[in-house]
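**Student:** For what it's worth, the working numbering labels the leading residue of the sequence shown as 34, then goes sequentially. This is the structure I want to talk about, given as structure tokens.
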Amino acid sequence: MKTILVLCDFSDTSFVAAKYAVSLAHQLGTSRLILYHSYEFIPGATDIPVSELINFNEESTKSLNTLKNNLEPFADEKIIIETSTDERSLLEAVLSIVHQEHAELVIMGISGKSQLQQILVGGNTVMIAKECPVPLLIVPKEAKFENIRRVLFACDLKEVSTSTPVNTLKTFIHTLSAKLIIINVEHNNQYSAADALTQQAALHQLWDSEGAEYHYIDHEDTAKGIMEFADKNDIQLVVTIPKKYGFFENLFHRSMTQKLAFHTHIPLLLLAEST
């Protein structure tokens, strides 16, 4: 994983995410971090003077360079930190930079100000995760980097064989040299016995070769069940797939996102559903 894109808004939370990115880069063997800031304007505001555009660019560039200087003491000489800023929308910029710079991971803080706060809290997080062709790592404001040894993959029991991005997750696990733990949380037997057995068999077929652990938990609150398990089982990273049919719809509902973001220290890695 040679290049990581880090989205910045210059908040304290953004700095936490960027600092986390530097530490993760060491474990992943990453050689390049790109710090990006969007000073996107309100749609339709086409009469902004060129002088103001230049000022926004200069201020953003100055702030990014300050952030870079603050991060460099935490990075060794093998990691190159670059900066980039412009007025594109955050999603447009992510798609473009990932493609042009071959970024293999995008990292962003879970809270902040201006555009990032609007992007992260609510359904737009799911939209970016679905549009982004590479994994999206969301770093909570209380996160402190800990070498990733145990990864929790939270999944449902629907379309397991066709919807799981197996190669992406395997590559991530292998690069981290981490243990994979798989959890399914449901309540009151939401799946029929026959469907559950079929999907569990498919899950084992995908992951038994990786030496994965499996846990099937009953909990009335899916997100709370996942995070309680993570806290009790020495998990450093939670991975999930925001699927189109809505298993994690409640997970990324505005109130649930805040619940996860502001009450856990564990980063969330979102993988796009396999198609």
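Heads up, the beta-carbon is just placed ideally off N, CA and C, and yes, glycines get one too.
Could you give the distance in angstroms between the alpha-carbon of Lys146 and the alpha-carbon of Asp45?
**Tutor:** With a pLDDT of only 41 at Lys146, under 50, the local geometry of the prediction cannot be trusted, and the value read off the model is given with reservation. Between Lys146 and Asp45, the C-alpha separation is close to 10 Å.
**Student:** Decide if Ser230 is buried, meaning its Cβ has at least 16 other Cβ atoms within 10 Å, or exposed.
**Tutor:** Note that residue 230 is Leu in the sequence shown, not Ser. Looking at its Cβ environment, which holds fewer than 16 other Cβ atoms inside 10 Å, Leu230 is exposed.
**Student:** By Cβ distance below 7 Å, which residues in the same chain neighbour Val199 in space, the five residues on each side in sequence not counted?
**Tutor:** Leu239
**Student:** Taking DSSP as the reference, what is the three-state secondary structure of Tyr249?
**Tutor:** strand
**Student:** Suppose the cutoff is 8 Å on Cβ atoms and the five residues either side in sequence are ignored; what does the same chain contact list for His298 look like?
**Tutor:** Once the five neighbours on either side are set aside, the close Cβ partners of His298 are Pro173, Glu175, Ala176, Lys177.
**Student:** Are there 16 or more other CB atoms within 10 angstroms of the CB of Tyr249, so buried, or fewer, so exposed?
**Tutor:** exposed
**Student:** Taking 8 Å as the cut-off, decide whether the C-beta atoms of Val127 and Ile161 are in contact.
**Tutor:** yes
**Student:** Is it true that the CB of Ile216 sits closer than 8 Å to the CB of Ile171?
**Tutor:** The Cβ atoms of Ile171 and Ile216 do not sit closer than 8 Å to each other.
**Student:** Under a three-way DSSP split, which group does Val167 fall into?
**Tutor:** coil
**Student:** Note down, one range per segment and in chain order, each beta strand (DSSP E) of at least 3 residues found wholly within the segment 201 to 274.
**Tutor:** Listed in chain order, they are 212 to 219, 246 to 251, 270 to 273.
**Student:** Please return the same chain residues whose Cβ sits closer than 8 Å to the Cβ of Ser242, not counting the five positions on each side in sequence.
**Tutor:** Apart from the 5 residues on each side of it in sequence, Ser242 has no Cβ closer than 8 Å to any other Cβ in its chain.
**Student:** For Ala227, count neighbouring C-beta atoms within 10 Å of its own C-beta (all shown protein chains included) and say buried if the count is 16 or more, exposed if not.
**Tutor:** exposed
**Student:** Within the continuous alpha helix (DSSP H) that includes Ala45, where are the two ends?
**Tutor:** The sequence shown places Asp at residue 45, rather than the Ala named in the question. Segment 45 to 61, the alpha helix (DSSP H) holding Asp45.
**Student:** How close, in whole Å, do the beta carbons of Ile114 and Ala50 come, if the pair is a contact with beta carbons under 8 Å?
**Tutor:** Wrong, their Cβ atoms sit about 14 Å apart, outside the cutoff.
**Student:** Helix, strand or coil: which one does DSSP assign to Ile299?
**Tutor:** coil
**Student:** Alpha carbon to alpha carbon, what distance is there between Thr99 and Leu66?
**Tutor:** 15 Å
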